[in-house]
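J.:
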C-alpha cells in the first residue's frame, strides 16, 4: 500500500476484549476510504474470538458510538466496547 492511499488507526480494547486480545491497543493500517465496518472485518480476521462476539459489542470511533458506515480518518481511535451490565 502506498502512503497516500492508506490511513493508520488505533484500536482500543476494553474489559473482556482487552483480556482476549492480550493487549490494550494496536495500530492498523487501512485503505484511505475505510469505514468502521472495514475495521470490524479486519479485526475479525486478526482475532478469531471477535467473529462470534463482536455482534454484541459496540464500536466507537473518536469517542462517539459509530455505525458501520462511519468513515475513518488517519489517526482515528476505534474502541471495542463489550456489553455492560450492572444492577
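Residue numbers (the working numbering): 62 to 148.
Cβ atoms here follow ideal geometry from the backbone N, Cα and C, with glycine treated the same way.
As a quick exercise: from 121, 89 and 144, pick the residue whose alpha carbon is nearest that of residue 107.
T.: 89
J.: As an exercise, report each continuous alpha helix (DSSP H) stretch of at least 4 residues that is fully enclosed by the stretch 79-143, in chain order.
T.: 97-107 and 109-114
J.: Candidates 115, 100 and 75: which alpha carbon is nearest residue 67's?
T.: 100
J.: Looking only at its own chain, which residues have a Cβ that is under 7 Å from the Cβ of residue 126, when we skip the five neighbours before and after it?
T.: 119
J.: For the candidate residues 94, 104, 76 and 111, whose alpha-carbon lies nearest to that of residue 131?
T.: 94
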